[in-house]
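Chains as they are written, first to last, in our numbering: chain A, 48 to 553; chain B, 653 to 974. Heads up, the beta-carbon is just placed ideally off N, CA and C, and yes, glycines get one too.
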Amino acid sequence: MSIKNDIILRLENITKEFPGVLALDRVSLEVKQGEVHVLLGENGAGKSTLMKILCGVYKKDGGKIFIDNKEVTINGVKDAEKLGIGIIHQEFNLLPFRDIAQNIFLGKEPRKNIKLVDVIDRSVMYKKCRELLDSLEININEYALVKDLGVAQKQMVEIAKALSSEVKILIMDEPTATLTKNEIDKLFNIIKQLKAKGVSIIYISHRLEEIKMIGDRVTVLRDGKYIGTVEVCDTSTDELVKMMVGRKIENLYNRTYNKIGKEALRVEGLTLDKRIRDVSFKIHEGEIVGFYGLVGAGRTEVAKTVFGEYKPDKGSIFVFGRKLSKLTPTEAVKNKIGLLPEDRKEEGLTIKMSVKQNIVQASLKKVFPSGILKEDLELEISKKYIKELNIATPDAHKIVKNLSGGNQQKVVLAKWLLTESDIIIFDEPTRGIDVGAKAEIYEIMDELAKKGRAIMMISSDIKEIMGLTDRIYVMYQGKIIAEFDHQNYNQEEIISFAIGKGEKHG
Amino acid sequence: MASNNIKLLIKYARFFILILLFSGFSLLSPHFLTFPNQVNILAQAALLSMVSYGMTLAIVTGGIDLSMGSVLALSSCIAASFLKSGNIIDGILIGLIIGLLCGSINGLSITKIGLSPFIATYGMDWVARGLAYVYMGGTQIYGFSAVFRFLGSGQFLGVPALIYEMAIMTIVLVFITYKTIYGRNIYATGSNKTATRLSGVNTDKIIISIYSINGLLSAIVGLLYISRLNAAEAVIGTDFTLNSIAATLIGGTPFSGGEGGVAQTFIGAVIMTLLTNGMNILGISSYWQNAVVGFVILFSLFIEKTGKVFNRNRLEMVPKSK
Numbered sequence: 048m049s050i051k052n053d054i055i056l057r058l059e060n061i062t063k064e065f066p067g068v069l070a071l072d073r074v075s076l077e078v079k080q081g082e083v084h085v086l087l088g089e090n091g092a093g094k095s096t097l098m099k100i101l102c103g104v105y106k107k108d109g110g111k112i113f114i115d116n117k118e119v120t121i122n123g124v125k126d127a128e129k130l131g132i133g134i135i136h137q138e139f140n141l142l143p144f145r146d147i148a149q150n151i152f153l154g155k156e157p158r159k160n161i162k163l164v165d166v167i168d169r170s171v172m173y174k175k176c177r178e179l180l181d182s183l184e185i186n187i188n189e190y191a192l193v194k195d196l197g198v199a200q201k202q203m204v205e206i207a208k209a210l211s212s213e214v215k216i217l218i219m220d221e222p223t224a225t226l227t228k229n230e231i232d233k234l235f236n237i238i239k240q241l242k243a244k245g246v247s248i249i250y251i252s253h254r255l256e257e258i259k260m261i262g263d264r265v266t267v268l269r270d271g272k273y274i275g276t277v278e279v280c281d282t283s284t285d286e287l288v289k290m291m292v293g294r295k296i297e298n299l300y301n302r303t304y305n306k307i308g309k310e311a312l313r314v315e316g317l318t319l320d321k322r323i324r325d326v327s328f329k330i331h332e333g334e335i336v337g338f339y340g341l342v343g344a345g346r347t348e349v350a351k352t353v354f355g356e357y358k359p360d361k362g363s364i365f366v367f368g369r370k371l372s373k374l375t376p377t378e379a380v381k382n383k384i385g386l387l388p389e390d391r392k393e394e395g396l397t398i399k400m401s402v403k404q405n406i407v408q409a410s411l412k413k414v415f416p417s418g419i420l421k422e423d424l425e426l427e428i429s430k431k432y433i434k435e436l437n438i439a440t441p442d443a444h445k446i447v448k449n450l451s452g453g454n455q456q457k458v459v460l461a462k463w464l465l466t467e468s469d470i471i472i473f474d475e476p477t478r479g480i481d482v483g484a485k486a487e488i489y490e491i492m493d494e495l496a497k498k499g500r501a502i503m504m505i506s507s508d509i510k511e512i513m514g515l516t517d518r519i520y521v522m523y524q525g526k527i528i529a530e531f532d533h534q535n536y537n538q539e540e541i542i543s544f545a546i547g548k549g550e551k552h553g
Numbered sequence: 653m654a655s656n657n658i659k660l661l662i663k664y665a666r667f668f669i670l671i672l673l674f675s676g677f678s679l680l681s682p683h684f685l686t687f688p689n690q691v692n693i694l695a696q697a698a699l700l701s702m703v704s705y706g707m708t709l710a711i712v713t714g715g716i717d718l719s720m721g722s723v724l725a726l727s728s729c730i731a732a733s734f735l736k737s738g739n740i741i742d743g744i745l746i747g748l749i750i751g752l753l754c755g756s757i758n759g760l761s762i763t764k765i766g767l768s769p770f771i772a773t774y775g776m777d778w779v780a781r782g783l784a785y786v787y788m789g790g791t792q793i794y795g796f797s798a799v800f801r802f803l804g805s806g807q808f809l810g811v812p813a814l815i816y817e818m819a820i821m822t823i824v825l826v827f828i829t830y831k832t833i834y835g836r837n838i839y840a841t842g843s844n845k846t847a848t849r850l851s852g853v854n855t856d857k858i859i860i861s862i863y864s865i866n867g868l869l870s871a872i873v874g875l876l877y878i879s880r881l882n883a884a885e886a887v888i889g890t891d892f893t894l895n896s897i898a899a900t901l902i903g904g905t906p907f908s909g910g911e912g913g914v915a916q917t918f919i920g921a922v923i924m925t926l927l928t929n930g931m932n933i934l935g936i937s938s939y940w941q942n943a944v945v946g947f948v949i950l951f952s953l954f955i956e957k958t959g960k961v962f963n964r965n966r967l968e969m970v971p972k973s974k
């Protein structure tokens with residue numbers, strides 16, 4: 048059939064200007080029926096703005112939109128819905144205390160008339176909901192409340208919700224950001240089913256390996272400009288990266304393995320209710336040690352317990368051979384331990400405050416010598432780190448909230464560099480960060496290890512963790528169940544331990 | 653350019669309101685712009701502003717202190733009985749200790765027991781007010797020594813003592829909040845408690861100290877208040893809590909925490925007092941006065957929101973990572 052090649056959506060020269068910034072500069076995009084079209088670009092490249100125009104959230108300043116070769120005007124979310132455009136947001140728009148069917152049919156509940164009164168036809172609604180879930184092979188009870196669902200299940204509900212009306216084009220904004228490996232597989236299955244039904248999918252993602260797995264074609268945006276559209280099967284990852292960042296990133300993981308020094312951190316028999324069970328490990332100077340495992344395996348809990356945020360039931364922590372008597376974040380910072388938390392915005396930054404205020408927050412004594420603020424000093428120190436870490440901000444007074452994810456992470460990093468921490472814990476340091484900033488963060492981590500810092504790195508990205516670490520501890524259900532040296536890294540083996548099916552060979 | 657002007661206008665909106673009120677009242681009444689009346693306004697603003705500073709600190713840390721008015725009453729009533737028996741120093745110290753104690757209990761129940769600031773201080777409000785009634789048993793204590801009365805109603809170089817006291821308090825608190833580590837940590841805690849704790853700051857300590865300071869401030873204002881009235885009874889200070897919330901909001905410290913501050917609240921307290929004073933001079937009924945104060949609160953929050961919306965539209969101007 049020729050349907051496969053019909054252009055269902057065409058965006059022509061879309062332009063959008065925000066005060067002082069040209070967010071989209073004559074961007075074009077063509078989507079075929081039944082394809083997965085990946086929209087790729089760094090943070091701030093204009094992907095989300097383009098999609099928001101398509102969904103009627105923003106109004107375009109110029110350009111045309113064609114659906115089925117007819118020009119259309121989209122003035123609001125309702126218009127987009129009528130044209131068969133659906134979107135699954137990164138953050139879910141679900142009502143937690145309503146059940147799945149009520150969420151899916153919110154605002155478009157099936158109606159019936161009882162004695163001239165228009166009421167919701169509940170039996171039809173739940174029946175239709177079940178059919179919808181079955182057709183997507185989603186195995187969740189339609190009466191379950193959304194608050195009781197996991198992240199992946201919520202996402203499935205979002206998809207079902209988007210598909211409950213006639214959707215021709217489905218936009219997915221970084222759908223895998225919070226999913227585990229298994230859940231991603233499930234999502235990809237659903238995407239394949241949708242494709243088979245002729246639904247076109249616009250897929251926004253940072254993860255290059257996913258594009259290979261699921262995408263048909265890729266359109267790359269950079270700095271609000273259209274860079275090009277390519278077939279996934281004819282294009283190498285390196286080429287995609289090059290299109291995306293405008294330069295070639297030689298080798299993402301460039302690790303110089305150093306001679307390891309003294310033991311910096313030793314943890315013995317750490318236990319925290321059922322979340323951490325009898326965990327012991329060591330990290331030496333100059334070493335990057337990875338913690339790999341599924342979400343919920345207890346890695347973040349180990350990090351936060353070492354940092355004093357959680358109080359362990361049992362176990363001891365030694366810093367350079369000295370046992371810590373008190374375990375609180377304040378003590379941890381005094382003992383030169385730093386933590387880049389998993390959730391940057393909630394735990395790493397005071398996002399309403401400025402870049403400089405965030406950078407100095409863990410070493411206030413440096414800019415308040417004798418207890419009184421020296422503003423020049425604060426500015427000077429923060430400027431130094433802004434330059435050193437290449438933080439993209441107009442100045443040091445900028446509120447952190449307005450920076451991109453990668454730059455926010457660099458601010459957190461600057462905070463711990465300023466404390467001159469000997470032991471730095473990176474918890475998912477590159478989640479939601481574009482590839483350019485990722486490369487920079489890897490470089491800094493390598494640099495830190497060279498200088499003799501001891502680094503603990505938690506990551507769910509197997510490539511990243513294998514590429515950067517000296518050793519990997521694999522955690523499963525709160526326990527360390529395997530340890531690998533970088534000479535013996537084997538992806539399948541590490542993953543099989545992480546999902547609880549591991550057996551060490553040799 | 654236009655957008656910058658709007659931004660400036662929003663930033664200094666309170667000054668415009670102040671100037672507007674000031675010139676409006678001056679035109680409408682010849683009595684308004686006289687030196688005695690201006691001094692009077694500042695003196696009236698003094699007590700309110702000092703309570704409001706405490707409220708502001710609580711709100712900046714993301715909390716609220718609903719007990720200030722009652723702690724003020726309890727501490728000053730107990731102090732009054734000691735003052736009456738003659739020893740001024742004892743009386744003042746007892747008052748301050750009672751205030752500090754109530755405040756620390758607030759702080760401890762918020763951090764160590766985990767009550768929300770609203771609940772903890774609301775409970776304390778009832779307890780302190782109740783104890784004040786029990787202590788006074790429906791009586792009044794009046795007629796303090798001249799030395800004590802000077803604190804709240806004396807004059808120095810033709811200017812009421814209250815104005816000096818307010819000035820000192822304002823300068824000290826502005827300095828502490830903007831120039832010291834402690835001040836920085838108050839803002840950081842209010843902006844994001846978890847992130848601040850994970851930067852090595854003992855945020856519990858910060859919060860306990862803030863509510864203790866509030867207790868202390870309530871006691872200080874209580875003492876000045878009974879000195880001014882030359883009498884103490886259990887019902888005093890009921891309006892202070894809500895008025896100080898109003899002054900904080902009008903000044904521009906939002907409930908979300910981490911923003912605003914003592915200096916803004918000074919403006920808020922002056923606007924509040926100016927409104928009441930001007931309307932009194934014009935002979936506007938007190939019913940109308942309440943409505944006008946409410947309108948001003950809503951209007952300043954409206955400005956706040958407009959500012960936020962304005963900033964949100966500018967969000968897309970984020971520089972791209974290179």
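Chain-order list of residues whose beta-carbon lies under 8 Å from that of residue i (same chain, five-residue window excluded)
i             : result
A70 (chain A) : K63, E64, G93, T96, G271
Residue i, enclosing alpha helix (DSSP H) - first and last residue
i              : result
V402 (chain A) : 402–407
E487 (chain A) : 482–497
K272 (chain A) : Not the alpha helix (DSSP H): K272 (chain A) falls in the beta strand (DSSP E), residues 272–278.
I902 (chain B) : 890–903
K259 (chain A) : 255–261
Cβ of residue i within 8 Å of any chain A Cβ
i              : result
T958 (chain B) : no
V914 (chain B) : no
L760 (chain B) : no
G738 (chain B) : no
E885 (chain B) : no
K831 (chain B) : yes
G910 (chain B) : yes
Y839 (chain B) : yes
Start and end residues, beta strand (DSSP E) containing residue i
i              : result
G385 (chain A) : 384–387
Residues near residue i by beta carbon distance below 6 Å, same chain, minus five either side
i              : result
K329 (chain A) : E310, R313
A871 (chain B) : S727, G747, L748, G751
G782 (chain B) : none
I438 (chain A) : N454, K457
A784 (chain B) : A725, L726, C729, A886
G889 (chain B) : G721, L724, A725
Chain B within 8 Å of residue i, Cβ atoms only
i              : result
L411 (chain A) : yes
E356 (chain A) : yes
I261 (chain A) : no
Q408 (chain A) : yes
A207 (chain A) : no
Coarse secondary structure for residue i, derived from DSSP in three states
i              : result
H84 (chain A)  : strand
T303 (chain A) : coil
V265 (chain A) : strand
R666 (chain B) : helix
A529 (chain A) : strand
L881 (chain B) : helix
Q524 (chain A) : coil
P688 (chain B) : helix
P769 (chain B) : helix
Same chain, Cβ closer than 7 Å to residue i, five either side skipped, listed in chain order
i              : result
L767 (chain B) : S761
T375 (chain A) : G355
#### Entry: Contacting positions in the stretch 386–406 of chain A - beta carbon closer than 8 Å to chain B
Going along the stretch 386–406 of chain A in chain order, one finds L386, P388, E393, E394, G395, L396, T397, I398, K399, M400, Q404 with a Cβ nearer than 8 Å to chain B.
### Message
Any C-beta of chain A within less than 8 Å: which residues of the stretch 841–860 of chain B qualify?
### Response
S843, N844, T846, A847, T848, R849, L850, S851, G852, V853, N854
#### Entry: Contact residues within the stretch 368–383 of chain A, judged by C-beta distance below 9 Å to chain B
T375, P376, T377, E378, A379, V380, K381
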